[in-house]
Amino acid sequence: QYVDFDQNEVIKGNEDPLNVEEEMEKKRMTILEVRESLPVFKFKQQFLETVQENQVLIVVGETGSGKTTQLPQYLDEAGYSKGTEGNKLIIGCTQPRRVAATSVATRVAEEYGCKLGEQVGYTIRFEDKSNENTVIKYLTDGMLLREFLNDPELSKYGALMIDEAHERTLSTEILLSLLKDICQARSDLKLIVASATINATKFSEFFNNAPILNIPGRRFPVEIHYTKNPEANYIQAAITTIFQIHLTQDLPGDILVFLTGQDEIETMEESLNESVAKLGSQIKPLLVCSIYANLPNEAQAKIFEPTPKNSRKVVLATNIAETSITIDGIAYVIDPGYVKQNVFNSSTGMESLVVVPCSRASADQRAGRAGRVGPGKCFRLYTKWSFYNELELNPVPEILRVKLTSVVLLLLSLGINDLINFDFMDPPSSESIIKALELLYSLGALSSLGELTKVGRKMAEFPIDPMFTKALLQSSKYGVFEDILSIMSMLGESGTLYYRPKDKKEQADKAHEKFSEEQGDHLTLLKIWNEWVETGYSNTWCQDHFVQYKTLKRVRHIREQLERLCKKIGIEDETDDNENKPLMIQKAILSGFFPNIARISKMGDSFRRLKQNQAVYIHPSSSLHSLKPPPKVVLYHELVLTSKEFMRNCMIIEEKWIKEFASHFYSGKDLEFLDRRKR
Ligand code: ADP
Ligand code: MG
207 QYVDFDQNEV IKGNEDPLNV EEEMEKKRMT ILEVRESLPV FKFKQQFLET VQENQVLIVV
267 GETGSGKTTQ LPQYLDEAGY SKGTEGNKLI IGCTQPRRVA ATSVATRVAE EYGCKLGEQV
327 GYTIRFEDKS NENTVIKYLT DGMLLREFLN DPELSKYGAL MIDEAHERTL STEILLSLLK
387 DICQARSDLK LIVASATINA TKFSEFFNNA PILNIPGRRF PVEIHYTKNP EANYIQAAIT
447 TIFQIHLTQD LPGDILVFLT GQDEIETMEE SLNESVAKLG SQIKPLLVCS IYANLPNEAQ
507 AKIFEPTPKN SRKVVLATNI AETSITIDGI AYVIDPGYVK QNVFNSSTGM ESLVVVPCSR
567 ASADQRAGRA GRVGPGKCFR LYTKWSFYNE LELNPVPEIL RVKLTSVVLL LLSLGINDLI
627 NFDFMDPPSS ESIIKALELL YSLGALSSLG ELTKVGRKMA EFPIDPMFTK ALLQSSKYGV
687 FEDILSIMSM LGESGTLYYR PKDKKEQADK AHEKFSEEQG DHLTLLKIWN EWVETGYSNT
747 WCQDHFVQYK TLKRVRHIRE QLERLCKKIG IEDETDDNEN KPLMIQKAIL SGFFPNIARI
807 SKMGDSFRRL KQNQAVYIHP SSSLHSLKPP PKVVLYHELV LTSKEFMRNC MIIEEKWIKE
867 FASHFYSGKD LEFLDRRKR
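Everything in the sequence shown is counted per full-length UniProt numbering, starting at 207 for the first residue and increasing by one.
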């Protein structure tokens, strides 16, 4: 088959397209030469002068111009890492994504000439690679937010750069509000807000008309090609397009494909490698590599390795590569036009992961990635009509679409009680704030007066969903602390657990079936974990059972971190040998996840959430999916919206437990079905 494209538009560049060779030469430049060749370098003086004269500065610059890697180093050189008494201060730089934080820190450590984790380090959830020597620290916006809990004035920091502000993530936005406030108390603190796109005026206005520094990047023209017709299967269309480019375009240059998540990337990687193997020496070598949130550090390095002569690299990426990470050498971009987002509906109280069309601003950012080293081409796997009629102009800020429970809890524990009048850049609806307060109250984090309880304080310190924390807090009471910790760690790792090699599908399915526990997925996950631990974390065991070793290794890491946190916060481990452990485990989970209950519908063909009466279905990956007859009531871990609203990771619940654990959360009407069934 063939994907039919029309060339329709050209995004203009500002650069003479003769620099390709020079750009390729870069590979042979010294680190210092590379640093000085970046567009920000010319603005170094101007940047430092403006910082000196102003407390807050907005920096706008093309992606790849050197903002993230260079500006913190400039600040360090200019002495912002030293306090007035000669004390050491940190230059912090936040990133919305974990991979960006680790990848950039790795690069900057190299430029700085130190070991990663020494003068240059990073902190992300469950991982801290920094020490007392660290002066430049990259960290996720969520982690910096947590630092307010122990140090409300962030006194360790001499300067902070809030990077990728245009992404408008929830944590970044709350940070901006809180920082605006502490800037008054700490006149010595310097704040840089960096953003990739042009909506900088909004940030400037928010910070009382702070100055804006514009850094024009190098940009070559990019031809935009749209498909003539809508493509039904964008994965297939993307694969076809990769080969079309590889076979028909003589220009050197690598290909970047934007996909929505790890699963999609892994599937595509497999099928690409298969096709490449089949074609063998008929085509020039095509190297496939990928980048997504959970990719281990070692594997990340692969995308930055120079492509060998005469071959082409294909990078499969999530929208991480849109602005957070720059991969040199990309000349072709393939954009299916989708993004995976967490979406919360405050009227139904449902949050789910959804693949949605990306915005036009995102699509243009993606296209721009093709024009960094020379003229490029972008292949959009949708029509021009759809671009102008079906894509939103800008992405919706996260604060307007996600669940606010964790943030509300955090703000309350910082002593910010008047949330309705809090200085948000874009205030969320009062409805969603109230929903969050209600949930926190029902979890026992708030008293009936709306004050934070002891439980609430512990929850705020835990970097996971309060429902999780609640289950964990309750687990020692039931004597199943260790088990809940294991289950939570398994659920907290989003990588794929099972694999099914094409030639051994049946064998794999059989092996997976053996893990399945009658109560559902939570206990199934526990069984896998426990068996793996018993083998002494064996890789061979994983291969024999068609389980991803690397995923379990990450679960182990998460579990260690969670355990350490529990100790620090004082969550006791009173695990003892229990008569009926599975039952106790179920109850502990229910004590936190009671808002996530659904019952079978009257017709028996779907489930209904208790409060909203909206149809939901058991995810095909669940061991309860084809259970006959279906369970009457299930608890689910999360909702995923694809063709239907699916419940992923489900557990059977006994009807009589609902009143015991959840009657304070549901109304009499929500629970009417319990009595109806009895009759
Ligand atoms: P910006 O923040 O303005 O988008 P960056 O500072 O991230 O720009 O990137 C500047 C340069 O550093 C780019 O050429 C990019 O390729 C390079 N770079 C960033 N991270 C790495 C890395 N981990 N390995 C190699 N090069 C990197
Ligand atoms: Mg950057």
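Note that CB positions come from ideal geometry on N, CA and C, so glycine has one too.
- Looking from the CA of Pro-633, the closest CA among Leu-376, Phe-813 and Val-262 belongs to Leu-376.
- Around the beta carbon of Tyr-208, a 10 Å sphere encloses fewer than 16 other beta carbons of the protein chains shown; the residue is thus reported as exposed.
- With a cut-off of 8 angstroms, the C-beta of Leu-816 is classified as distant from ligand 1, since no heavy atom of the ligand falls inside that distance.
- Annotated three-state conformation of Leu-691 is helix, per DSSP.
- Within the stretch 722-795, the complete alpha helix (DSSP H) segments at least 4 residues long are 727-740, 745-751 and 755-775, listed from N- to C-terminus.
- Cα atoms of Lys-774 and Ile-670: separation of roughly 15 angstroms, rounded to the nearest angstrom.
- Sorting Phe-249, Gln-279 and Gly-289 by C-alpha distance to the C-alpha of Arg-313 places Gln-279 at the top.
- Just so you know, the alpha carbons of Pro-512 and Ala-573 end up roughly 21 angstroms apart.
- A direct Cα-to-Cα measurement between Lys-546 and Thr-308 gives close to 22 angstroms.
- Distances from the alpha-carbon of Lys-756 to those of Glu-324, Gly-874 and Glu-504 put Glu-504 closest.
- By the Cβ neighbour-count rule, Asp-727 is buried, with 16 or more other Cβ atoms within 10 Å of its own.
- The closest CA to that of His-870, considering only Lys-817, Glu-844 and Glu-596, is found on Lys-817.
- Where Gln-450 is concerned, the enclosing alpha helix (DSSP H) starts and stops at 440-454.
- Closer than 8 angstroms to some heavy atom of ligand 1: that does not describe the Cβ of Ala-567.
- Taking Asn-356 as reference, the option from Val-341, Pro-502, Leu-617 and Phe-585 with the minimal CA-CA separation is Leu-617.
- By the 16-neighbour rule on beta-carbons within 10 angstroms, Ala-438 is exposed.
- Exclusion of the five residues before and after Glu-724 leaves Ile-858 as the residues of its chain whose Cβ lies within less than 8 angstroms of its Cβ.
- Contact fails between the stretch 788-801 and the stretch 818-834, because fewer than three Cβ pairs, one in each stretch, are under 8 angstroms apart.
- DSSP places Phe-813 in no alpha helix (DSSP H) but in the uninterrupted beta strand (DSSP E) bounded by 813-815.
- Of all alpha-carbon atoms in Leu-351, Lys-386, Thr-702 and Glu-239, the one lying nearest the alpha-carbon of Ser-410 is that of Lys-386.
- The DSSP-derived three-state label of Cys-389 is helix.
- For Tyr-743, the number of other beta carbons within 10 angstroms of its own is below 16, and it is reported as exposed.
- In this structure Gly-272 is in contact with Phe-247, their Cβ atoms being roughly 7 angstroms apart against a cut-off of 8 angstroms.
- In the structure shown, Arg-313 falls within a helical segment according to DSSP collapsed to helix, strand and coil.
- DSSP places Lys-519 within a strand segment (E or B) once states are collapsed to three.
- The beta carbons of Ala-642 and Lys-664 sit no closer together than 9 angstroms.
- Nearest in C-alpha terms to Val-265, of all of Thr-403, His-718, Gly-364 and Arg-814, is Thr-403.
- Exclusion of the five residues before and after Tyr-328 leaves Ala-307, Thr-308, Ala-311, Lys-335, Ser-336, Lys-343, Tyr-344 and Leu-345 as the residues of its chain whose Cβ lies within less than 7 angstroms of its Cβ.
- Under the three-state reduction of DSSP, Asp-212 is assigned to strand.
- For Asp-715, the secondary structure class from DSSP, reduced to helix, strand or coil, is helix.
- In this structure, the C-beta of Phe-813 stays at least 8 angstroms away from each heavy atom of ligand 1.
- Your pair Ser-695 and Arg-765 checks out as a contact, with CB atoms roughly 4 angstroms apart and the cut at 8 angstroms.
- As the crow flies, the alpha-carbon of Leu-678 is around 7 angstroms from that of Leu-691.
- In this structure, DSSP gives Ile-296 an extended state, which the three-state scheme calls strand.
- Counting along the chain, the unbroken alpha helix (DSSP H) around Lys-862 starts and ends at 861-868.
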